[in-house]
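K.L.:
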Amino acid sequence: MTSHRTASHALAGIGAALLMVAVLSGCTPEPEPTPTPTAAFASEEEAFAAAEKVYREYTDAVNSEREGDHTVDPLSYLIGEALDGSLDTSNKLQAQELRIVGDSRVLKFSGNAVDLQPSEVIVGALVCLDVSATVVLNVSDADVTPPDRPAHVPLNVEFISSGSKLVISGSDLAEGTEC
1 MTSHRTASHA LAGIGAALLM VAVLSGCTPE PEPTPTPTAA FASEEEAFAA
51 AEKVYREYTD AVNSEREGDH TVDPLSYLIG EALDGSLDTS NKLQAQELRI
101 VGDSRVLKFS GNAVDLQPSE VIVGALVCLD VSATVVLNVS DADVTPPDRP
151 AHVPLNVEFI SSGSKLVISG SDLAEGTEC
């Protein structure tokens with residue numbers, strides 16, 4: 001009889017444990033639904049305005065860095081190919097003991113493409129950059145700016161969302177385009 005009582009007690013204990021698990025799991029709240037990601041911008045106009053702001057801030061940061069302000073970081077506005085291209089250009093200038101002085105400025109910014117996806121925003125723009133106030137100097141501070149360099153440079157610029165902001169992901173010369 002002892003083994004029958006022991007088995008009954010064991011089964012009762014297991015049954016109580018299973019009942020407790022069932023009760024506790026029934027009391028667990030449903031997981032919160034995760035919100036569907038939404039595009040960071042409500043319209044193309046908002047995306048273009050944000051991209052223009054980023055490009056103008058980037059240009060200001062480059063100008064400030066050229067003037068010796070080491071508290072700014074123009075590279076923080078870049079990602080991917082744009083970042084790689086900027087680093088490559090800096091390395092080439094440094095290897096040739098050249099530096100650029102003077103300010104560039106944005107003459108015109110025209111948003112021309114936008115893809116507003118919930119998970120990613122891509123913006124394309126044509127930027128007309130005025131580089132007429134910049135010169136390339138060598139180690140002796142002699143002006144070695146190419147004489148045929150245009151004063152205004154048309155660029156196809158691409159921006160991509162990174163977190164909650166846009167960053168510059170690509171920049172190429174807009175061949176055959178006038179500023």
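Residue numbers (this note's numbering): 1 to 179.
Idealized CB from N, CA, C, for every residue including glycine.
Computed from a predicted model, the values in this text were never measured in an experiment.
(1) Based on DSSP bridge pairs, tell me the residues matched to D143.
(2) Would you tell me roughly how many angstroms separate the C-alpha atoms of P37 and S164, rounded to the nearest one?
(3) Does the structure place the segment 134-145 close enough to the segment 70-85 that three or more beta carbon pairs sit under 8 Å?
(4) Measuring straight from C-alpha to C-alpha, what distance separates H152 and S132?
(5) Below 6 Å CB to CB, which residues in the same chain sit around E158 once its five sequence neighbours on both sides are set aside?
(6) In three-state DSSP terms, what is V123?
(7) What do you get for T177, buried or exposed, if any count of 16 or more other CB atoms within 10 angstroms of its CB means buried?
(8) Taking just the CA atoms, how far does S110 sit from S43?
(9) Checking 8 Å against the spacing of the C-beta atoms, do A51 and L166 come in under that value?
(10) Would you identify the three-state DSSP class for L83, choosing helix, strand or coil?
(11) Taking buried to mean at least 16 other C-beta atoms within 10 Å of its own C-beta, is L93 buried or exposed?
(12) Quick one: measure Cβ to Cβ for L129 and L155, integer angstroms, because I've assumed they're closer than 8 Å.
(13) Mind checking A47: buried by the 16 CB within 10 Å criterion, or exposed?
(14) Measuring alpha carbon to alpha carbon, tell me which residue in L75, R66, E57 is nearest V136.
P.N.:
Reading it off the structure:
(1) Against the sequence shown, residue 143 aligns to sequence position 143. For D143, DSSP records a beta bridge to L137.
(2) Against the sequence shown, residue 37 aligns to sequence position 37. Against the sequence shown, residue 164 aligns to sequence position 164. Low confidence applies to P37: its pLDDT is 43, below 50, so where it sits in the model is not reliable, and the reading given next is rough at best. Between the alpha carbons of P37 and S164 lies a distance of about 12 Å.
(3) No: fewer than three Cβ pairs fall under 8 Å.
(4) What you label residue 152 is simply residue 152 of the sequence shown in a count that begins at 1. What you label residue 132 is simply residue 132 of the sequence shown in a count that begins at 1. Cα to Cα, H152 sits roughly 7 Å from S132.
(5) Position 158 of the sequence shown, counting from 1, holds the residue named residue 158. Once the five neighbours on either side are set aside, the close Cβ partners of E158 are G124, S169, G170.
(6) The count along the sequence shown starts at 1 and reaches residue 123 at position 123. Strand.
(7) Along the sequence shown, read from residue 1 onward, the residue named residue 177 stands at position 177. That one is exposed.
(8) Your numbering for residue 43 matches position 43 in the sequence shown. Your numbering for residue 110 matches position 110 in the sequence shown. Using only the alpha carbons, I get a separation of about 15 Å.
(9) Sequence index remark: in the sequence shown, residue 51 carries index 51 (1-based). Sequence index remark: in the sequence shown, residue 166 carries index 166 (1-based). Closer than 8 Å, so yes.
(10) Position 83 of the sequence shown holds residue 83. In this structure, L83 counts as helix in the three-state DSSP scheme.
(11) Numbered from 1 along the sequence shown, position 93 holds the residue referred to as residue 93. By the neighbour-count rule (16 or more Cβ atoms within 10 Å), L93 is not buried but exposed.
(12) Position 129 of the sequence shown, counted from the start, is the residue given in the question as residue 129. Position 155 of the sequence shown, counted from the start, is the residue given in the question as residue 155. Contact holds; Cβ gap of about 6 Å.
(13) Here residue 47 refers to the residue found at position 47 of the sequence shown. With 16 or more other Cβ atoms within 10 Å, it is buried.
(14) Within the sequence shown, residue 136 is the residue found at index 136, counting from 1. For V136, the closest of L75, R66, E57 by C-alpha to C-alpha distance is R66.
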